[in-house]
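K.L.:
Numbering follows full-length UniProt numbering, with no gaps: position 85 of the sequence shown is 85. All C-beta atoms in this analysis are idealised placements derived from N, C-alpha and C, irrespective of residue type, glycine included. Mind having a look at this structure? Questions to follow.
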Amino acid sequence: MLKSKTLLKRTRSGSVLKLVREHYLRDDIGCGSGRCDLAPCGESGSGSALQPDPPAHCSSLCPQPHYIVPDTNVVLHQIDILEDPMIQNVVILQTVLQEVRHRSAPVYKRIKDVINNAEKHFYTFTNEHHKDTYIEQEKGENANDRNDRAIRKAVEWYNDHIQKSLNDSAELQTILITNDRKNKELAEEAGLIAFTCEEYIKSLIASPELVDRLACISDLSNEIQSTKLIFPEHLPLSRIQQGLKSGKYIQGSFRANRDNYLEATVWLHGEEDENNEVLIQGLKNLNRAVHEDLVAVELLPKESWVAPSAVILQDEGQVDDEGEEEKESVVTNKKFSKATGKVVGVIKRNWRSYCGMLSKSQIKESTKHLFTPADRRIPRIRIETRQSSTLENQRIIVVIDGWPRNSRYPNGHFVKSLGNAGDKETETEVLLLEHDVPHQPFSQAVLSFLPKVPWIITKEDLKARKDLRHLDICSVDPPGCTDIDDALHCKELENGNLEVGVHIADVSHFIRPGNALDQEATNRGTTVYLCEKVRAVENRFKNNLERFAFSCIWEMSRNAEIISTVFTKSVINSKASLTYAEAQMRIDDESMNDNITMGLRRLNTLAKELKKKRVKMGALTLSSPEVRFHIDSETHDPIDLQTKELRETNSMVEEFMLLANISVAQKIYDEFSDCALLRKHPEPPPSNYGILVKAAASQGLEIHTDSAKALADSLDKAEVPGSPYLNTLLRILATRCMMQAVYFCSGMDTDFHHFGLASHIYTHFTSPIRRYSDIIVHRLLAVSINADCTYPDLMDKHKLQALCNNLNYRHKMAQYSQRASVAFHTQLFFKNQGIVDEAGYILFVKKNAIVVLIPKFGLEGTVFFEEKNKPTPDLHYNEEIPSLTVEGTTFKMFDKVIVTITLDSSNIQHQRIRMALVEPKIPGVSVPRSTSQKSAANKEPEVKKLRTTK
Numbered sequence: 001m002l003k004s005k006t007l008l009k010r011t012r013s014g015s016v017l018k019l020v021r022e023h024y025l026r027d028d029i030g031c032g033s034g035r036c037d038l039a040p041c042g043e044s045g046s047g048s049a050l051q052p053d054p055p056a057h058c059s060s061l062c063p064q065p066h067y068i069v070p071d072t073n074v075v076l077h078q079i080d081i082l083e084d085p086m087i088q089n090v091v092i093l094q095t096v097l098q099e100v101r102h103r104s105a106p107v108y109k110r111i112k113d114v115i116n117n118a119e120k121h122f123y124t125f126t127n128e129h130h131k132d133t134y135i136e137q138e139k140g141e142n143a144n145d146r147n148d149r150a151i152r153k154a155v156e157w158y159n160d161h162i163q164k165s166l167n168d169s170a171e172l173q174t175i176l177i178t179n180d181r182k183n184k185e186l187a188e189e190a191g192l193i194a195f196t197c198e199e200y201i202k203s204l205i206a207s208p209e210l211v212d213r214l215a216c217i218s219d220l221s222n223e224i225q226s227t228k229l230i231f232p233e234h235l236p237l238s239r240i241q242q243g244l245k246s247g248k249y250i251q252g253s254f255r256a257n258r259d260n261y262l263e264a265t266v267w268l269h270g271e272e273d274e275n276n277e278v279l280i281q282g283l284k285n286l287n288r289a290v291h292e293d294l295v296a297v298e299l300l301p302k303e304s305w306v307a308p309s310a311v312i313l314q315d316e317g318q319v320d321d322e323g324e325e326e327k328e329s330v331v332t333n334k335k336f337s338k339a340t341g342k343v344v345g346v347i348k349r350n351w352r353s354y355c356g357m358l359s360k361s362q363i364k365e366s367t368k369h370l371f372t373p374a375d376r377r378i379p380r381i382r383i384e385t386r387q388s389s390t391l392e393n394q395r396i397i398v399v400i401d402g403w404p405r406n407s408r409y410p411n412g413h414f415v416k417s418l419g420n421a422g423d424k425e426t427e428t429e430v431l432l433l434e435h436d437v438p439h440q441p442f443s444q445a446v447l448s449f450l451p452k453v454p455w456i457i458t459k460e461d462l463k464a465r466k467d468l469r470h471l472d473i474c475s476v477d478p479p480g481c482t483d484i485d486d487a488l489h490c491k492e493l494e495n496g497n498l499e500v501g502v503h504i505a506d507v508s509h510f511i512r513p514g515n516a517l518d519q520e521a522t523n524r525g526t527t528v529y530l531c532e533k534v535r536a537v538e539n540r541f542k543n544n545l546e547r548f549a550f551s552c553i554w555e556m557s558r559n560a561e562i563i564s565t566v567f568t569k570s571v572i573n574s575k576a577s578l579t580y581a582e583a584q585m586r587i588d589d590e591s592m593n594d595n596i597t598m599g600l601r602r603l604n605t606l607a608k609e610l611k612k613k614r615v616k617m618g619a620l621t622l623s624s625p626e627v628r629f630h631i632d633s634e635t636h637d638p639i640d641l642q643t644k645e646l647r648e649t650n651s652m653v654e655e656f657m658l659l660a661n662i663s664v665a666q667k668i669y670d671e672f673s674d675c676a677l678l679r680k681h682p683e684p685p686p687s688n689y690g691i692l693v694k695a696a697a698s699q700g701l702e703i704h705t706d707s708a709k710a711l712a713d714s715l716d717k718a719e720v721p722g723s724p725y726l727n728t729l730l731r732i733l734a735t736r737c738m739m740q741a742v743y744f745c746s747g748m749d750t751d752f753h754h755f756g757l758a759s760h761i762y763t764h765f766t767s768p769i770r771r772y773s774d775i776i777v778h779r780l781l782a783v784s785i786n787a788d789c790t791y792p793d794l795m796d797k798h799k800l801q802a803l804c805n806n807l808n809y810r811h812k813m814a815q816y817s818q819r820a821s822v823a824f825h826t827q828l829f830f831k832n833q834g835i836v837d838e839a840g841y842i843l844f845v846k847k848n849a850i851v852v853l854i855p856k857f858g859l860e861g862t863v864f865f866e867e868k869n870k871p872t873p874d875l876h877y878n879e880e881i882p883s884l885t886v887e888g889t890t891f892k893m894f895d896k897v898i899v900t901i902t903l904d905s906s907n908i909q910h911q912r913i914r915m916a917l918v919e920p921k922i923p924g925v926s927v928p929r930s931t932s933q934k935s936a937a938n939k940e941p942e943v944k945k946l947r948t949t950k
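Structure follows, in structure tokens:
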């Protein structure tokens, strides 16, 4: 059956356009029930996802066998309930599915996954195309009411249809689940069975714990007016849009402060200059915004602008709904004030599932408790659960449902438990979930596209590639490296020049565009390296094995000038697989003169020339402490940790990888100016350098930040006699001032410059095993040398930019999760070490604390001078220097101190490395030295006398 509707539309030019919309209605759509034998349901191939005999005793409200039909809002808000194994035999209407897809892409994906799970017995019924369930929108009826009526019509049809098909006396019912009061009343008037989601879930006899997963949907219009309102009302979206157009409001991403829960910044959208953020201070001004929300902000008058807080302030303990007195007075130093505002509305919530722990209520028999997220930027969440005793010491997942104006904390609901807190598997799961790292096992569809092992190189393969198996190629990597995907060679040419080759694993040969393996790699974006695990196609370079490679080969002069460059697909045979230490030993051992060693010496000499040229151009040499854990083979606990040692060979490999990336970037941009995947490092705004300049000035040094060259030269000259570690500290601090490097499509940007490398163009080509960006670059390069063919998505700059956005996000999350893994294993290490004294350096000075870096462990920790149940010492903070005077002793950045290090396990949720001051000795503040034999601080040189003020 074909239904058509004719519409008349006036165009901008004034003419009338006739539109005819056709809607096909069918009579061959089955109901999906295994019980039904009516045509077309009983016909072969029509499908029977719903069980013929659903459990008859699961609900006390409806003891008969039944199917359930949820409306749109139930699917949107109660998806955690629908995903539970207990909930089966559900009809998802086309009306509902279309609206969910329009309103929430994440929920749509989740409900589609549930529908595709055969064990769940979910069935999609296309009611909008069924001749007996399709309805027209009536005059004066809005779209929402029409959809509700369509849902009721489908439930009514199901009841009539299935009753006709029953050949026995058993009764099979269809139940509508809706939280809409009007929809429920109209359904009951029509003789249908309808329950709210809460009514139905509480009636399930076999699974009472499901009640905890009910989303707490608060109707903000029905807030109890007698309760004290803590927060201002959010403006409606219509007023926000008007304000954005007029310039009264500005929009941006809300970024909560990890160290002070009463402060946040809003990063403005579309602002390219340094004034791209607004400071928000105080509970009422934060106005229920949550980290990563898109918010509307109103700037306060300039006389109300304040400076960012220098206090470390954590949200501790239970707080009632009457709010709390804000613990910090607003800083009003006008010299350091920034643009300050208040949140007036939320444009888009970016809530997700949060991992954390339950903070059990002190009230006996209470079912309402606070949940403390693992991420300190997320506020505590009030949930209702009857399993508090079971969940108290477990890591659990909770989602936010809403945040009424009269509540100090948002409301949410329990989703599931991950396991016991402190368990390594549980904590690893938490950090992966918290950083949105895809870590589910690869599907069979993905695995089916992996090459069959063992694979061999055929004659046909050799015809399409350059045979480089005769070259003395070797790889140089860290010890224990498993993803060896790069190798080098260097040989002398007859004309006196040198041939240098960088050979990269040709992973793109195995990952073809668009297949399941490629799609999975696109989503994951990058390998995530945890302390024990790697979350990441077998073409790794191994000794004396033939492998496919993508080679970049230069002819270079002895002073590292490039004469010519060739790119080619190749076959190589690595003659040696060396660690950095082994390669360095070969270079230094004058008795070794084999071809591999001679090639390494030439490469090392050329690398020094290349680095000298980069530094002359203004490339930065920054520093970031990295640690390596030694793991016990049986317990898998860390038994030792040390900072990674860097040798000349580290720099040698780095220089040629950088050169290959630059050469490939230029090649793919020359060939595809609109769709080259490149990587840039934006220049930091001058305001970013404030802390670096102040820190250097406190040591009598001057740092110039006019350009990368000026910064590099300043850092090279920044030395103080008797402080050999000072320059490293300055470089670590300079790293904190930098912007994030990002991938981008050349056709969507004009600024290609890589600030840190002082290069006009750059990309990633050298690690295709661990980065998907390199796969795309390999494909572009292969097309440019006629070694492969292109495909539409590769030449679409908009799709390529969308891919870059995902790669940037995945790369950032991988970095965060790797740092979290190091932090967790550091905690495990010190848990077994007891109390340790170590020498360290002050990295930051706060109003009530100092942040100390321990070089031996690459560890940062905070020494607090204000603690509960202890008298507060006399503190004076100088923001201009910056410095903190404690009982007459002044601490400045980069001063050397000795601290005692322990693991503070008093808060299971946020176990942390605790540091306390040992030296300099301040009566009532410093603690005695540890007597532990494990203490290494006794071997450290005496701490320099700090300045004392009278």
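Report the residue ranges of all alpha helix (DSSP H) runs contained in full by the UniProt domain "PIN" (66 to 185); include only those spanning at least 4 residues, in chain order.
P.N.:
Entirely contained in the UniProt domain "PIN" (66 to 185), the alpha helix (DSSP H) runs reaching 4 residues are, in chain order, 72 to 77, 79 to 82, 94 to 103, 105 to 115 and 143 to 165.
K.L.:
In whole angstroms, give me the CA-to-CA distance for residue 122 and residue 30.
P.N.:
Cα to Cα, residue 122 sits roughly 14 Å from residue 30.
K.L.:
Among the candidates 843, 860, 791 and 841, whose CA atom is the shortest distance from the CA of residue 823?
P.N.:
Among 843, 860, 791 and 841, the Cα nearest to that of residue 823 belongs to 860.
K.L.:
Which same chain residues, not among the five before or five after residue 98, have their C-beta less than 8 Å away from its C-beta?
P.N.:
Around residue 98: 128.
K.L.:
Scan the segment 843 to 894 and note each continuous beta strand (DSSP E) run of 3 residues or more that stays entirely inside, going in chain order.
P.N.:
Correct list: 849 to 854, 859 to 864, 875 to 878, 883 to 886 and 889 to 892.
K.L.:
Spatial neighbours of residue 647 within its chain, please: C-beta separation below 6 Å, excluding the five flanking residues on both sides.
P.N.:
Excluding positions up to five away in sequence, the list reads 580 and 584.
K.L.:
Using the Cα positions of residue 386 and residue 367, report the straight-line distance between them to the nearest angstrom.
P.N.:
Residue 386 and residue 367: Cα-Cα distance of roughly 6 Å.
K.L.:
Tell me whether the segment 686 to 706 and the segment 756 to 776 touch, counting them as touching only if at least three CB pairs, one residue from each stretch, are closer than 8 Å.
P.N.:
At 8 Å Cβ cutoff, the stretches do not touch.
K.L.:
Going by CA-CA distance only, name the one from 313, 278 and 562 that's closest to residue 302.
P.N.:
Nearest of 313, 278 and 562 to residue 302, Cα basis: 278.
K.L.:
Give every residue of the same chain whose Cβ lies closer than 6 Å to the Cβ of residue 524, excluding the five residues on either side of it in the sequence, and list them in chain order.
P.N.:
Closer than 6 Å at the Cβ level, and outside the excluded window around residue 524, lie 438.
K.L.:
Please classify residue 403 as buried or exposed, where buried requires at least 16 other C-beta atoms within 10 Å of its C-beta.
P.N.:
Counting Cβ neighbours within 10 Å, residue 403 comes out buried, since at least 16 surround it.
K.L.:
For residue 766, which residues of its own chain have a beta-carbon under 8 Å away from its beta-carbon, when the five flanking residues on both sides are left out?
P.N.:
If we look at residue 766 and ignore the five residues flanking it on each side, its Cβ neighbours are 485, 486, 502, 504, 657, 660, 661 and 774.
K.L.:
Enumerated in chain order, which unbroken segments of the alpha helix (DSSP H) with a length of 4 residues or greater are wholly contained in the segment 351 to 397?
P.N.:
Counting whole runs of 4 or more residues, the segment 351 to 397 contains the alpha helix (DSSP H) stretches 388 to 391.
K.L.:
Give a yes or no on whether the C-beta atoms belonging to residue 854 and residue 840 are separated by under 8 Å.
P.N.:
Going by C-beta atoms, residue 854 is nearer than 8 Å to residue 840.
K.L.:
From which residue to which residue does the beta strand (DSSP E) around residue 499 run?
P.N.:
First-last of the beta strand (DSSP E) with residue 499: 498 to 505.
K.L.:
Taking the straight line between their C-alpha atoms, what separation do you get for residue 613 and residue 425?
P.N.:
Distance between the alpha carbons of residue 613 and residue 425 is about 47 Å.
K.L.:
Excluding the five sequence neighbours on either side, which residues of its own chain have a C-beta within less than 7 Å of the C-beta of residue 941, listed in chain order?
P.N.:
With a pLDDT of only 39 at residue 941, under 50, the local geometry of the prediction cannot be trusted, and the value read off the model is given with reservation. Cβ neighbours of residue 941 beyond the five flanking positions: none.
K.L.:
Would you be able to state if there are at least three C-beta pairs under 8 Å between the segment 512 to 520 and the segment 559 to 570?
P.N.:
Output reads no: the segment 512 to 520 does not touch the segment 559 to 570.
K.L.:
How about residue 816 and residue 737: are their beta carbons less than 8 Å apart?
P.N.:
It is not a contact, given that the beta carbons lie outside the stated cut-off.
K.L.:
Taking only runs that begin and end inside the segment 431 to 517, name each unbroken beta strand (DSSP E) of 3 or more residues, in chain order.
P.N.:
Taking only runs of at least 3 residues, the beta strand (DSSP E) segments lying wholly in the segment 431 to 517 are 474 to 477, 486 to 492 and 498 to 505.
K.L.:
Within 10 Å of its beta-carbon, does residue 740 have 16 or more other beta-carbons around it, so buried, or fewer, so exposed?
P.N.:
Flag for residue 740 reads exposed.
K.L.:
Who are the Cβ neighbours of residue 820 in its own chain at under 8 Å, not counting the five residues just before and after it?
P.N.:
Excluding positions up to five away in sequence, the list reads 431, 434 and 435.
K.L.:
Do the segment 464 to 480 and the segment 591 to 606 make contact, defined as three or more Cβ pairs closer than 8 Å?
P.N.:
Enough Cβ pairs lie closer than 8 Å, so yes.
K.L.:
Taking Cβ positions, are residue 864 and residue 780 nearer each other than 8 Å?
P.N.:
No, the pair does not count as a contact, with Cβ atoms beyond the cut-off.
K.L.:
If contacts are defined as beta-carbon pairs under 8 Å, then residue 873 and residue 924 qualify, I think. What distance do you get, rounded to the angstrom?
P.N.:
At roughly 6 Å, the Cβ-Cβ gap stays under 8 Å, so residue 873 and residue 924 are in contact.
K.L.:
Alpha carbon to alpha carbon, how far is residue 381 from residue 23? Give it in angstroms, no decimals.
P.N.:
Their Cα atoms are separated by approximately 46 Å.
K.L.:
Would you report the Cα separation of residue 449 and residue 511, rounded to the nearest angstrom?
P.N.:
Their Cα atoms are separated by approximately 8 Å.
K.L.:
Which partner residues of residue 841 appear in the DSSP bridge assignment?
P.N.:
Per DSSP, 853 and 896.
K.L.:
Are there 16 or more other CB atoms within 10 angstroms of the CB of residue 928, so buried, or fewer, so exposed?
P.N.:
Classification of residue 928: exposed, given that the 10 Å Cβ count is below 16.
K.L.:
Given that a residue counts as buried once 16 or more other Cβ atoms are within 10 Å of its Cβ, and exposed if not, what is residue 182?
P.N.:
When all chains shown are included, residue 182 counts as exposed.
K.L.:
Classify residue 11 as helix, strand or coil using the three-state DSSP reduction.
P.N.:
If DSSP states are grouped into helix, strand and coil, residue 11 belongs with coil.
K.L.:
Which whole runs of the beta strand (DSSP E) in the segment 280 to 307 are 3 residues long or more, in chain order?
P.N.:
Fully enclosed beta strand (DSSP E) runs of 3 or longer: 294 to 299.
K.L.:
For residue 800, report the span of its alpha helix (DSSP H) as first-last.
P.N.:
Start and end: 797 to 833.
K.L.:
Can you list, in chain order, the residues of its chain with a C-beta nearer than 6 Å to that of residue 914? Leave out the 5 residues immediately preceding and following it.
P.N.:
Cβ neighbours of residue 914 beyond the five flanking positions: 902 and 904.
K.L.:
Out of curiosity, what's the CA-to-CA distance linking residue 888 and residue 895?
P.N.:
The straight-line gap from Cα to Cα measures roughly 16 Å.
K.L.:
Quick one: measure Cβ to Cβ for residue 264 and residue 346, integer angstroms, because I've assumed they're closer than 8 Å.
P.N.:
Not a contact, Cβ separation roughly 13 Å.
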